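Here is the structure we will look at, set down as structure tokens.
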Amino acid sequence: MSKKAIIIFSLGVFFIFLSFEIFSYNVSSTKNILPKTNSFVQSISYITDLKDKHIQGKYVYKVDNATISRNSRKNPTLDINGWIIKKGTHINSVSIKVALKNKSNSYSLLPTVVTTRPDVTSTIDDGTNYNYSGFSVHMLARKKIINRRTRLYIFLQINGSTKIIKTNTYLE
1 MSKKAIIIFS LGVFFIFLSF EIFSYNVSST KNILPKTNSF VQSISYITDL KDKHIQGKYV
61 YKVDNATISR NSRKNPTLDI NGWIIKKGTH INSVSIKVAL KNKSNSYSLL PTVVTTRPDV
121 TSTIDDGTNY NYSGFSVHML ARKKIINRRT RLYIFLQING STKIIKTNTY LE
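According to the UniProt record's numbering, the sequence shown is numbered sequentially starting from 1.
Next comes the structure, spelled out in structure tokens:
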């Protein structure tokens with residue numbers, strides 16, 4: 001083979017590899033989270049207390065934490081953690097987004113990470129896998145979207161079925 005052919009072949013292989021990497025990244029960042037550990041799924045291991053859970057039909061949720069705190073630079077941060085399930089439904093694919101609804105009735109979707117919650121599966125103990133039922137938000141709190149009496153909503157898409165849950169949790 002000539003030197004030119006080797007260079008062209010090498011560039012072709014490089015661009016095929018690069019295209020594959022870009023395609024793989026785009027697909028994984030736009031699909032629903034599948035039950036496997038990847039960069040979008042974090043693991044949280046603590047025991048669930050079902051005492052303060054809320055039920056809306058077949059949907060059960062608990063907001064473990066919803067706080068606005070200030071770090072050393074006086075920048076407020078928003079931290080929200082919890083879980084949501086559809087009773088009796090194994091989680092094959094899931095997308096969870098926490099949203100805030102303000103006084104003008106518009107929603108602000110927050111950057112939400114799906115977390116593994118094996119404690120939910122073991123505590124409910126009905127034979128259903130709820131391991132990927134957790135959610136977590138950690139972000140700088142912008143005054144534009146967070147004001148007094150801002151209510152939390154959970155946008156849940158589980159196995160292709162979508163539900164919006166109006167929680168009893170407010171940021172104050």
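Just so you know, even glycine gets a beta-carbon here, dropped at the ideal spot from N, CA and C.
As the structure is a prediction and not an experimental result, all values here were calculated from the model.
How would you label residue i, buried or exposed, when you count the other beta carbons within 10 angstroms and need 16 or more for buried?
i      : result
Ile6   : exposed
Val13  : exposed
Arg117 : buried
Arg136 : First, the amino acid is wrong: residue 136 is Ser here, not Arg. So Ser136 counts as buried.
Ser133 : buried
Thr167 : buried
Gly82  : buried
Asn105 : exposed
Would you kindly check if the distance between the Cβ of residue j and the Cβ of residue i is under 9 Å?
i      : j      : result
Leu109 : Arg151 : no
Ile154 : Ile85  : no
Tyr61  : Ile165 : yes
Ala66  : Leu171 : yes
Could you please give me the residues that DSSP links to residue i through a beta bridge?
i     : result
Asp64 : Its beta-bridge partners do not exist; DSSP assigns none.
Can you find at least 3 beta carbon pairs, one from the region 65-80 and one from the region 116-133, that sit closer than 8 Å?
Because the criterion of three Cβ pairs below 8 Å is not met, the region 65-80 and the region 116-133 do not touch.
Inside the region 98-125 only - beta strand (DSSP E) runs reaching at least 3 residues:
Positions of the beta strand (DSSP E) runs, each at least 3 residues long and wholly inside the region 98-125, are given as 107-109 and 112-116 in order along the chain.
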